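Read through the structure below, which is laid out as structure tokens, and then see the notes.
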Amino acid sequence: RNFYNGKDEL
Amino acid sequence: MNIFRLAGDMTHLASVLVLLLKIHTIKSCAGVSLKTQELYALVFATRYLDIVTDFISVYNTVMKLIFLGSSFSIVWYIRHHRVVRRSYDKDQDTFRHYLLMIPCMLLALFVHEKFTFKEVMWTFSLYLEAVAILPQLVLLQRTRNIDNLTGQYVFLLGAYRGLYIFNWIYRYFTEPHFVHWITWIAGVVQTLLYADFFYYYFESWKNNVRLQLPA
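As they're listed, the protein sequences go chains A and B.
Numbering (this note's numbering) for the first sequence: 1 to 10.
Numbering (this note's numbering) for the second sequence: 1001 to 1215.
Next comes the structure, spelled out in structure tokens:
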């Protein structure tokens, strides 16, 4: 699972 | 990382540098809202709780440290620096920030993806960031002559938010994702708050006159 959830943004 | 995201982060970084440049070299914070800066410090402190629990990338960690460090040092400068603090427009910067903090906290307690401490804090930071610029915009409206650096600071912050929306649109089409409409709505609201400012910013630029917002 490598869903984009925005937690890798600043 | 796509080009919109990188451009957005760089614009955000540039906005902070412009503000630090003004405060550090000109030793003035005239026209800068301490309320907005305190809200940003709180935004980063509550959003980056994961800095100690999750590792994403060196870039991510370094940028988080920069935003945390710069926002707290800007607040420190305005409140405590012997020269800078004298230029603070205390009587003009009257927006009561708890009027933004309390509703954002209540909203985060009720509207979130998961009811965990970190998740609620993260959601709170999104809501708060969306409205944190308001005291600054109110202060700009009250300031007769907005100096170039302050105008550029707000412009760069607005550009950063706009670029993040392009980044989300790009990611929507290129990456697997689940719905996180909270991020979308908070981000769009935040960008819309700059619409009025952008209009006057471009008008003043086009007509080559000093930026001034109508009361």
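Each residue gets a CB set at the ideal place from its N, CA and C atoms; glycine is no exception.
Predicted model, so just to flag it, every value in this text is computed and none were measured.
Any heavy atom of the ligand HEM closer than 7 angstroms to the CB of residue i?
i	result
residue 1099/B	As for the ligand HEM, it is missing from this structure, which has no ligand bound.
Does DSSP classify residue i as helix, strand or coil?
i	result
residue 4/A	strand
residue 1207/B	coil
residue 1215/B	coil
residue 1141/B	helix
residue 1085/B	helix
residue 1113/B	coil
residue 1096/B	coil
residue 1001/B	coil
residue 1164/B	helix
residue 1118/B	helix
residue 1194/B	coil
residue 1146/B	coil
residue 9/A	coil
residue 1159/B	helix
residue 1009/B	helix
residue 1133/B	coil
Can you tell which of the options has the C-alpha that lies nearest to the C-alpha of residue i?
i	options	result
residue 1013/B	1036/B, 1192/B, 1158/B, 1186/B	1158/B
residue 1051/B	1007/B, 1107/B, 1003/B, 1067/B	1067/B
residue 10/A	1074/B, 1046/B, 1036/B	1046/B
residue 1106/B	1120/B, 1116/B, 1133/B	1120/B
residue 1144/B	1199/B, 1213/B, 1034/B	1213/B
residue 1180/B	1149/B, 1126/B, 1085/B	1126/B
residue 1071/B	1084/B, 1173/B, 1138/B, 1039/B	1039/B
residue 1030/B	1191/B, 1043/B, 1020/B, 1087/B	1087/B
residue 1028/B	1001/B, 1148/B, 1137/B	1148/B
residue 1083/B	1024/B, 1042/B, 1037/B, 1122/B	1024/B
residue 1156/B	1002/B, 1008/B, 1063/B, 1004/B	1008/B
residue 1098/B	1139/B, 1005/B, 1131/B	1131/B
residue 1199/B	1175/B, 1151/B, 1187/B, 1062/B	1151/B
residue 1019/B	1003/B, 1074/B, 1081/B, 1194/B	1074/B
residue 7/A	1138/B, 1056/B, 1208/B	1056/B
By a C-beta neighbour count over all protein chains shown, 10 Å radius and 16 as the cutoff for buried, is residue i buried or exposed?
i	result
residue 1093/B	buried
residue 1096/B	exposed
residue 1154/B	buried
residue 1206/B	exposed
residue 1164/B	buried
residue 1/A	Confidence in residue 1/A is poor, its pLDDT being 40 and thus under 50, which makes the residue's placement unreliable; the coordinate value appears in the next sentence. Exposed is the call here.
residue 1033/B	buried
residue 1048/B	buried
residue 1091/B	exposed
residue 1210/B	exposed
residue 1135/B	buried
residue 1110/B	exposed
residue 1216/B	Any property of residue 1216/B remains undetermined from this structure, which presents chain B solely from 1001 to 1215.
residue 1215/B	exposed
residue 1069/B	exposed
residue 1035/B	buried
For residue i, write down the residues that DSSP places opposite it in a beta bridge.
i	result
residue 1177/B	4/A
Query raised in the report: Which runs of the alpha helix (DSSP H) spanning at least 4 residues fall entirely within the stretch 1023-1081 of chain B, listed in chain order?
Result: 1034-1047, 1058-1080
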